[in-house]
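J.: Input: one structure, supplied below.
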Amino acid sequence: MDERVREHAAVLVDWSARIEAGDNVVLSVGPDAHELAVAVAEELGSRGANLLATYRSGEITRAYLQAHDGDFDANPAHELALLENTDVYLSLGGGRNTSATADVSGDQRQAYNDARREIREARLGTRWVSTVHPTRSLAQQANMAYEEYRDFAYNAILRDWESLAEEMAQLKTLLDDGDVVRLVSEGTDLTMRIDDRTAVNSAASVAYDSHNLPSGEVFTAPAGTEGTVTFDVPMTLRGEPVRNVRLEFADGEVVDYDADQGAAVIGDILETDEGARRLGELGIGMNRGIDRYTDNILFDEKMDDTVHLALGRAYDACLPTGESGNDSAVHVDLITDVSEDSRLEIDGTVIQRNGAFRFEPGFDG
């Protein structure tokens, strides 16, 4: 076993999920994540946690959804009971086909998601963390050799997370103190309200309200979105390629949309429910270990010199106590490159220009 697999497992268990003796842990394992699952199981055993491993496959999901008549039972009791008795939910991605569910209809996906709202809430109520084991399918999707992709993935995952958390805290403070964010670049002039919101310093640990490994972003839950935005980072959504998405917002909602490729997918997402037309997240990437696009949102949204916005669900960690944010069955991230001819303002003050932050050397305000 590559020693970096064991390091990955240790970071996941200790830094990310903060697992302790007696914790009830569900380990959801992708088909080609077996090696990482073994390493995680060793870490869990040595800490006296209670392990239940489950198997998750895109091919299994496709077979089920394609065969079902679409009248899904709401929140099946056996799965809900499992999650309601779970302290930690660890998702180890690593499938054999990144487009395994590409031919499942949008209506079928929506029906399935709508029927599982309580299950989704129960999972999000655990100390959940998602990560991936570098696999050949992910390397192929990233257009990289397998060995090259493994180096890339571990460079993003095995970081000095404490130091990065300290660096990102500076941006969190700026967002916490601000009222209005404006993003300007080619094809984009967008304003969002962030008053009374709390930004999350997403340092790959539940201790920071962060649930991805790798992470390396600061995000908040915007409201009152106005203007236009262009997402120029290529992506695959629901198994379909999406290129140069353009959204127009008025009164906080998407009122028009287009894309050079994949416009129909964007339309399906927007029709999921009322909340799918509103933003649930404004995220700013700060992980310099991610130095190229890989067509995998877990990595790409954390890349330095990028900003991402998510249609749909907002995270409670960003909201005042007792306030419910944007609710939706989806949370779909879209990414724009801000490395050139761009600026990010808070209350009229430029805090990032062409990818450089005002607290970094060489910032040109």
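Going by this note's numbering, the first residue of the sequence shown is number 215, and it counts up by one from there.
Glycine included, C-beta positions come from ideal geometry on N, C-alpha and C.
Since we're looking at a predicted model, the values are computed, not measured.
When DSSP builds the beta bridges, which residues end up paired with Met406?
T.: In DSSP, Met406 forms a bridge with Val395.
J.: Return the chain-ordered list of same chain residues with a C-beta closer than 7 Å to the C-beta of Arg310, the five sequence neighbours on each side being excluded.
T.: Hits under 7 Å: Pro245, Asp246 and Ser351.
J.: If Gln210 and Thr312 are in contact, beta carbons under 8 Å, what's the gap, nearest whole angstrom?
T.: With the chain covering 215 to 579 only, the question about residue 210 has no answer from this structure.
J.: Do you know whose CA, among Val414, Val239, Thr349 and Cys532, lies nearest Tyr363's CA?
T.: Of Val414, Val239, Thr349 and Cys532, the residue nearest in Cα terms is Thr349.
J.: Suppose contacts are defined by Cβ-Cβ distances below 7 Å. Is Val443 in contact with Met449 by that definition?
T.: Contact flag unset, no.
J.: Assess contact between the region 408-425 and the region 451-471, defined as three or more Cβ pairs (one per stretch) separated by less than 8 Å. Is contact present?
T.: No, because fewer than three Cβ pairs between the region 408-425 and the region 451-471 fall closer than 8 Å, the two stretches do not touch.
J.: Where does Leu294 sit, in a helix, a strand or coil, going by DSSP?
T.: Residue state, collapsed to three classes: helix.
J.: Nearest by alpha-carbon distance to Ala336: which of Asp287, Glu559, Ser319 and Glu293 is it?
T.: Answer by Cα proximity: Glu293.
J.: For the candidate residues His425, Tyr278, Arg323 and Ala435, whose alpha-carbon lies nearest to that of Gly339?
T.: The shortest Cα separation from Gly339 among His425, Tyr278, Arg323 and Ala435 belongs to His425.
J.: Starting from His545, follow the beta strand (DSSP E) in both directions and report where the run begins and ends.
T.: Unbroken beta strand (DSSP E) run through His545: His545 to Asp551.
J.: What did DSSP end up calling Val243 once you bin it into helix, strand or coil?
T.: Here Val243 sits in strand by DSSP.
J.: Which full runs of the alpha helix (DSSP H) of 4+ residues lie inside the region 327-360, going along the chain?
T.: As far as the region 327-360 is concerned, its whole alpha helix (DSSP H) runs of at least 4 residues are 331-338 and 350-355.
J.: Looking at C-beta atoms only, is the number of pairs between the region 363-380 and the region 489-509 that lie closer than 8 Å three or more?
T.: In short, these stretches touch, since the Cβ pair count reaches three.
J.: Can you give the Cα-Cα distance for Glu515 and Arg330, rounded to whole angstroms?
T.: Looking at the two C-alpha atoms, the distance is approximately 26 Å.
J.: Do the CB positions of Leu493 and Val432 come within less than 7 Å of each other?
T.: No, Cβ-Cβ distance for Leu493 and Val432 is not below 7 Å.
J.: From Glu273, Thr520 and Asp328, pick the residue whose C-alpha is nearest to that of Val318; which is it?
T.: Minimum Cα distance to Val318 is reached at Glu273.
J.: Below 7 Å CB to CB, which residues in the same chain sit around Leu258 once its five sequence neighbours on both sides are set aside?
T.: Result list for Leu258: Val227, Ile233, Val239 and Leu265, in chain order.
J.: Nearest to Thr520 by CA position, among Ala383, Ile565, Gly392 and Ile549, is which residue?
T.: Of Ala383, Ile565, Gly392 and Ile549, the residue nearest in Cα terms is Ile549.
J.: Around the C-beta of Tyr269, are 16 or more other C-beta atoms found within 10 angstroms, so that it is buried, or is it exposed?
T.: Exposed.
J.: Let me know the beta strand (DSSP E) ranges lying completely inside the region 462-550, each 3 residues or longer, listed in chain order.
T.: Counting only runs of 3 or more, we get 467-475, 493-499 and 520-526.
J.: Under 6 Å Cβ to Cβ from Leu304, same chain only, skipping five residues before and after it: list those, please.
T.: Answer for Leu304: Leu241 and Val343, listed in chain order.
J.: From Thr508 to Ser416, what does the alpha carbon distance come to, in whole angstroms?
T.: Computed Cα separation, rounded: 20 Å.
J.: For Thr439 and Asn510, I'd like the C-alpha separation in whole angstroms.
T.: Going from the Cα of Thr439 to the Cα of Asn510 covers about 26 Å.
J.: Rounded to whole angstroms, what is the Cα-Cα separation between Phe366 and Phe513?
T.: Near 10 Å, if we compare the C-alpha coordinates of Phe513 and Phe366.
J.: Roughly how many angstroms separate the alpha carbons of Leu451 and Thr300, rounded to a whole number?
T.: Rounded to whole angstroms, Leu451 to Thr300 spans 30 Å at the Cα level.
J.: Among Thr486, Glu454, Asp465 and Arg460, which residue has its Cα nearest to the Cα of Gly476?
T.: For the residues Thr486, Glu454, Asp465 and Arg460, the minimum Cα distance to Gly476 belongs to Glu454.
J.: How far does the beta strand (DSSP E) with Met215 in it extend, from its first residue to its last?
T.: Unbroken run through Met215: none, as it is neither H nor E.
J.: Use the C-beta contact count for Met406: other C-beta atoms within 10 angstroms, 16 or more gives buried, fewer gives exposed.
T.: Looking at its Cβ environment, which holds 16 or more other Cβ atoms inside 10 Å, Met406 is buried.
J.: Under the rule that 16 or more other beta-carbon atoms within 10 Å means buried, what is Gly262, buried or exposed?
T.: Burial call: exposed.
J.: Can you give me the start and stop residues for the beta strand (DSSP E) that Ile565 sits inside?
T.: Taken as a continuous stretch (DSSP letters only), the beta strand (DSSP E) holding Ile565 covers Thr563 to Arg567.
J.: How long is the line joining the alpha carbons of Glu380 and Gly569, rounded to whole angstroms?
T.: For Glu380 and Gly569, the distance between alpha carbons rounds to 18 Å.
J.: How long is the line joining the alpha carbons of Arg582 and Val447, rounded to whole angstroms?
T.: Nothing can be reported for residue 582, as the shown portion of the chain is limited to 215 through 579.
J.: When we look at the beta-carbon of His522 and count the other beta-carbons within 10 Å, is it buried (16 or more) or exposed?
T.: The residue is buried, with at least 16 neighbouring Cβ atoms inside 10 Å.
J.: Please confirm whether Asn327 and Ala464 have their CB atoms less than 7 Å apart.
T.: Not in contact: Asn327 and Ala464 (Cβ atoms no closer than 7 Å).
J.: Which word fits Pro534, buried or exposed, when buried means at least 16 other C-beta atoms lie within 10 angstroms of its C-beta?
T.: The residue in question, Pro534, is exposed, as its Cβ has fewer than 16 Cβ neighbours within 10 Å.
J.: According to DSSP, Ala267 sits in a beta bridge with which residue or residues?
T.: Partner(s): Leu241.
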